[in-house]
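Same order as they appear, the protein sequences are chains L and G. Residue numbers for the first sequence follow UniProt numbering, so the first one is 1 and each next one is one higher. Residue numbers for the second sequence follow UniProt numbering, so the first one is 1 and each next one is one higher.
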Amino acid sequence: MTDADIRKAFLGELTQIAPDIDADSVGPDDHLQDDLEIDSMDFLNLVTALHQRLGVDIPESDYPKIATLALAVEYLKARIG
Amino acid sequence: MTWPIIFKDVFTRAAANLTDQVRAAFTWEQARATLDGLPDGGLNIAHEALDRHVAAGHGGQVAIRWLGKDNDRRDLTYAELSADAARFANVLAQHGLAPGARVYALMGRVPELYAAALGTLKAGMTFTPLFAAFGPEPIKARMEIGEGNVLVTTAALYRKKVASWIRDLPSLRLILILDDAPAPEGCVALRPAMAAASDQFETAMTTADDMALIHFTSGTTGRPKGAVHVHGAVIAHAATGRFALDLKPGDIYWCTADPGWVTGTSYGIISPLVNRVTMIVDEAEFDLERWYGILQNEKVQVWYTAPTAIRMLMRAGKKAAQGYDFSHLRFLASVGEPLNPEGVLWGQEVFGHPFHDNWWQTETGGIMIANTADMDIRPGSMGRPLPGIEAGIVAQEGDSLRNCKPGEIGELALRPGWPSLMRAYLHEKARYDKCFVDGWYLSGDLAMQDKDGVFWFVGRADDLIKSSGHLIGPFEVESALIEHEAVAEAAVIGIPDETAGEVVKAYVALNPGFEVSAELERSIRGFARKKLGAAVAPREIVFRKQLPKTRSGKIMRRLLKARELGLPEGDISTLEADEK
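Structure follows, in structure tokens:
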């Protein structure tokens with residue numbers, strides 16, 4: 001998968017969980033919780049959705065590593081392999 | 001399955017603040033006597049929380065150890081927090097505000113929030129915290145009902161959630177903005193104003209019966225209710241912190257609740273300061289390693305948290321907690337919704353102490369029923385009434401109430417008379433009066449009491465939803481949904497969720513001309529999130545051609561819930577139009 005594919009997958013799941021977010025307006029360094037108002041339940045749902053879509057299992061201790069779009073793309077890229 | 005009782009040893013019992021002797025000797029008069037009071041019999045929460053400790057020589061003790069999101073940190077001593085509260089009170093006074101004014105705070109967990117709360121109380125004004133994750137609608141409704149005069153918030157929250165409507169609020173007098181940058185037009189920058197203000201302010205001569213706090217809580221029908229609490233509530237905040245949380249002066253204490261909710265005010269500001277502990281305040285949201293790190297590095301002794309957080313820790317497994325030193329922990333407590341027995345025991349296994357579940361609600365102002373430090377714990381139970389609290393289980397019989405037998409499920413009721421009982425629902429006397437029957441305050445919660453006198457929570461008697469420990473009124477959510485152009489009718493229920501306890505689910509019937517689609521589902525859900533905020537908006541929306549209704553046109557949420565859960569449908573004699 002290319003970075004663009006991963007970005008698209010991540011934003012797709014994010015905006016499915018939080019349709020109030022406009023995918024085009026998400027900046028690479030916007031913090032999901034602080035800037036985009038994703039709460040912890042949304043976050044858990046996002047982790048589950050990413051697992052289903054990309055087959056990547058994200059342990060709790062890695063949650064900070066997907067806290068922004070830029071971080072998440074890097075992290076997922078390494079894990080998709 | 002039955003869970004083993006967790007027994008306390010003799011040393012633990014002897015070290016507890018609450019022992020059988022203390023229980024036997026307790027009176028509310030005596031509890032009041034542990035406080036300073038003001039001359040001529042007055043009482044003020046801010047004086048008890050700050051000024052009396054400074055006067056007694058404890059001004060140098062750290063009151064708040066603040067941990068910023070970006071790993072910056074700041075210690076505020078009792079003397080410094082007292083001075084900041086005085087500055088905040090002076091800023092209010094300089095803008096012509098007088099005792100009785102209503103001050104609302106909408107911000108995250110930053111040091112100024114605490115100065116604002118205590119400064120407002122010191123000035124004899126009324127403080128109302130709002131949850132920063134609320135959307136514009138819940139904020140607006142709460143400020144309208146409470147006729148807010150002052151809003152303290154950040155520039156970002158102001159722009160996003162407040163600016164578009166607040167100028168239409170007739171009661172509004174002042175908007176204080178926290179950020180360092182110049183405040184938006186018509187607002188006052190708080191930090192420069194505080195820096196220029198005097199750190200001396202003579203505490204308003206409030207009495208125990210003067211209004212101090214308004215906490216909003218959701219109703220099944222109608223708008224949110226503003227529960228009014230008085231300065232006298234501090235007597236209960238002091239005593240219950242000692243008894244139910246085992247707070248001792250000098251303890252390091254961490255309450256993870258946000259002050260936007262009643263727990264974060266009663267036990268995240270007032271009770272700990274009155275009991276002269278050092279509070280840990282973490283600005284960031286839940287994060288597994290951060291939380292374990294705080295417990296270890298800050299040497300937390302007493303920890304008060306919530307089932308949702310405990311379950312999130314449990315999801316990560318015991319292994320994630322290995323390698324941390326939790327040896328400073330002495331007492332763990334949980335509130336918000338019943339903690340499942342697995343969670344109670346998990347505390348024992350991972351931290352060396354069980355979680356002590358306790359029960360109270362916005363209306364009671366403080367903890368009423370608790371598993372305390374000296375008690376053996378029956379995992380999953382609420383515990384026993386605290387000293388000064390009489391609780392019972394009652395059922396309607398004709399026009400009056402009868403006491404239920406041990407093991408029989410009924411409504412949990414309390415004998416009025418404790419100091420932190422709400423004194424009114426703002427502008428809603430009829431709703432308030434309905435809470436009191438035959439000399440009992442009716443909680444709206446169903447419970448039972450076993451043969452040993454221990455209370456067990458069963459559920460809500462009404463349609464309110466408890467999600468991540470927060471009470472959500474279906475009516476408030478439904479009202480926002482039907483503002484969407486496609487929505488004709490909406491019904492909202494809570495469905496069980498492993499982590500949050502319950503999550504909000506909406507059933508929606510569409511207006512003519514709108515077709516069911518995944519896109520429309522997202523549009524409605526996004527609309528609701530924008531209006532209500534993520535914590536309150538539905539996580540799931542399903543479409544129906546028609547919602548089940550009674551003859552009088554009332555939507556039967558109970559029936560939707562029973563069907564959702566595969567439970568018996570109960571009495572459906574009033575059902576007129578069924579779900580399609």
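In this text, a Cβ means the ideal position worked out from N, Cα and C, and glycines have one as well.
query                                                                                                                      : result
Distance, L547/G Cα to M556/G Cα                                                                                           : 8 Å
Buried versus exposed call for D399/G [16 or more other C-beta atoms within 10 Å across all chains shown]                  : exposed
Which listed residue (P307/G, T362/G and G323/G) has its alpha carbon closest to that of V344/G                            : P307/G
Residue closest to residue 643/G, alpha-carbon to alpha-carbon, out of T153/G, V300/G and P192/G                           : Nothing can be reported for residue 643/G, as the shown portion of chain G is limited to 1 through 580.
Start and end residues, beta strand (DSSP E) containing M211/G                                                             : M211 to T217
Whole-angstrom C-beta distance between L464/G and T220/G, which should lie under 8 Å                                       : 6 Å
Cross-chain neighbours of Y63/L in chain G, by beta carbon under 8 Å                                                       : D287 and L288
Rounded distance between the beta-carbons of R74/G and P111/G, thought under 8 Å                                           : 6 Å
CA nearest to the CA of R173/G, picked from F131/G, Q296/G, A98/G and K451/G                                               : A98/G
Opening and closing residue of the beta strand (DSSP E) in which Y441/G lies                                               : W440 to Q449
Beta-carbon neighbours of I38/L, restricted to chain G and to distances below 8 Å                                          : A534
Distance CB(E337/G)-CB(K466/G) smaller than 7 Å                                                                            : yes
Burial state of P4/G (16 or more Cβ within 10 Å)                                                                           : exposed
The stretch 60-73 of chain L / the stretch 352-370 of chain G touching (three or more Cβ pairs under 8 Å)                  : no
Nearest to G317/G (by Cα), restricted to the options I21/L, T48/L, R79/L and P59/L                                         : P59/L
Inter-stretch contact at 8 Å, needing at least 3 Cβ pairs: the stretch 227-238 of chain G / the stretch 207-217 of chain G : yes
Helix, strand or coil at Y324/G according to DSSP, with G and I counted as helix                                           : coil
D510/G versus K561/G: straight-line alpha-carbon distance, rounded                                                         : The residue asked about is misnamed: residue 510/G is Leu in this sequence, not Asp. L510/G and K561/G: Cα-Cα distance of roughly 20 Å.
Neighbour flag for A486/G against chain L, beta carbons, 7 Å                                                               : no
Buried versus exposed, by CB contacts within 10 Å (16 or more), L67/G                                                      : buried
Exposure of S420/G, with buried meaning 16 or more beta-carbon neighbours within 10 Å                                      : buried
Y75/L: first and last residue of the uninterrupted beta strand (DSSP E) it sits in                                         : First-last for Y75/L: L69 to I80, but that is the alpha helix (DSSP H), not the beta strand (DSSP E).
Sub-7 Å separation of T154/G and L178/G beta-carbons                                                                       : yes
Within chain L, the residues that A320/G reaches when beta carbons sit closer than 7 Å                                     : E60 and S61
Alpha-carbon to alpha-carbon, L247/G and R330/G                                                                            : 10 Å
7 Å Cβ shell around T550/G - same chain, five flanking residues per side excluded                                          : M556, T574, L575 and E576
Delimiting residues of the beta strand (DSSP E) encompassing N403/G                                                        : S400 to N403
Amino acids of chain L, ordered along the chain, whose beta-carbon sits closer than 8 Å to that of V503/G                  : M41
E521/G to A430/G span [Cα, whole Å]                                                                                        : 38 Å
Per-residue burial, A257/G [other beta carbons within 10 Å of its own, 16 or more giving buried]                           : buried
Whole-angstrom distance between D20/L and V26/L, CA atom to CA atom                                                        : 12 Å
Below-7 Å beta-carbon distance, R522/G vs any chain L residue                                                              : yes
D20/L at chain G interface by Cβ criterion, 7 Å                                                                            : yes
Residues near D57/L by beta carbon distance below 7 Å, same chain, minus five either side                                  : H51
Contact under 7 Å by Cβ, V516/G with R539/G                                                                                : no
Rounded distance between the beta-carbons of Q94/G and A197/G, thought under 8 Å                                           : 7 Å
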